[in-house]
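Below: one structure, written as structure tokens.
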Amino acid sequence: MKYKYIEGEITSDVMFEAYGKTPQEVFENAAEAMFETICIKIKVKPKRSVKVHVEGKNLKDLFYNWLQELIGLIDIEEMFFSKFNITKISETSLDAEIYGEDITPNKGETVVKAVTYFGFDLRKEKGKYIGTATLDI
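Using our numbering, read the sequence shown as starting at 62 and increasing by one per residue.
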């Protein structure tokens, strides 16, 4: 399982957990979970790519900044994204190429304003990474 939505924690926001064997995998899976909320991801084709560079004070901060950057890129690039490929990651920075296509009304789902700190976490447990995020909708 790449991710799951957490029901019942809060009613006005969307919360999910993403999983991965590596930081790269959990970051990519969290991006997928977030864009399942934002758009009908199956309808978004990887027609165009955008290069992304994100920095943070540590891995948890980097995780938060990654998700926030992706939300910002929706408006900047006027695109929905469906494929996320992190090409390089360290404790404090990452480089990625993300793929998607121009925003169209028939592909939109829920407007996500931001990632909140409520329940936000990134941890390693039993050999896998678990990232928890709450989306302000």
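Think of the CB as a built atom: it goes at the ideal place given N, C-alpha and C, for glycine as much as any other residue.
- When you compare only the Cα positions, how much space is there between residue 65 and residue 177? Counted from its first residue, the sequence shown places residue 65 at position 4. Counted from its first residue, the sequence shown places residue 177 at position 116. Cα to Cα, the separation comes out at about 18 Å.
- Message: Please classify residue 68 as buried or exposed, where buried requires at least 16 neighbouring CB atoms within 10 angstroms.
- Response: The residue you call residue 68 lines up with position 7 of the sequence shown. Taking all protein chains in view, the Cβ of residue 68 is surrounded by fewer than 16 other Cβ atoms within 10 Å, so the residue is classified as exposed.
- Message: Checking 8 Å against the spacing of the C-beta atoms, do residue 195 and residue 74 come in under that value?
- Response: Within the sequence shown, the letter at position 134 stands for residue 195. Within the sequence shown, the letter at position 13 stands for residue 74. Yes; because the gap between Cβ atoms is below 8 Å, this pair is in contact.
- Length of the line joining the Cα atoms of residue 209 and residue 126: Given that the chain is displayed from residue 62 to residue 198, the structure contains no residue 209 and the question cannot be resolved.
- Kindly give me the distance between the Cβ atoms of residue 95 and residue 131, rounded to whole angstroms, as I take these residues to be in contact under 8 Å. The count along the sequence shown starts at 1 and reaches residue 95 at position 34. The count along the sequence shown starts at 1 and reaches residue 131 at position 70. Between residue 95 and residue 131 the beta-carbon gap is near 7 Å, inside 8 Å, which marks them as a contact.
- Query: In terms of residues, what are the limits of the beta strand (DSSP E) holding residue 67?
  - Reply: What you label residue 67 is simply residue 6 of the sequence shown in a count that begins at 1. Residues 64-67.
- Task: Leaving out five residues on either side along the sequence, give the residues of the same chain with a beta carbon under 6 Å from the beta carbon of residue 156.
- Result: Against the sequence shown, residue 156 aligns to sequence position 95. In the same chain as residue 156, and ignoring 5 residues on each side of it, the C-beta atoms closer than 6 Å to its own belong to 114, 148 and 149, in chain order.
- Message: Using a 10 Å radius around the Cβ and a threshold of 16 neighbouring Cβ atoms, would you call residue 161 buried or exposed?
- Response: Stepping through the sequence shown from its first residue, residue 161 is reached at position 100. It counts as buried.
- Bridge partners of residue 180, per DSSP? In the sequence shown, the residue the question calls residue 180 occupies position 119. For residue 180, which the question treats as bridged, DSSP gives no partner whatsoever.
- Verify whether the separation of the beta carbon atoms of residue 137 and residue 171 is less than 8 Å. Here residue 137 corresponds to residue number 76 of the sequence shown, with the count starting at 1. Here residue 171 corresponds to residue number 110 of the sequence shown, with the count starting at 1. Against a cut-off of 8 Å, the Cβ pair of residue 171 and residue 137 comes out as no contact.
- Task: Measure from the alpha carbon of residue 111 to the alpha carbon of each residue in 105, 190 and 142, then state which is nearest.
- Result: The count along the sequence shown starts at 1 and reaches residue 111 at position 50. Comparing Cα positions, the closest option is 142.
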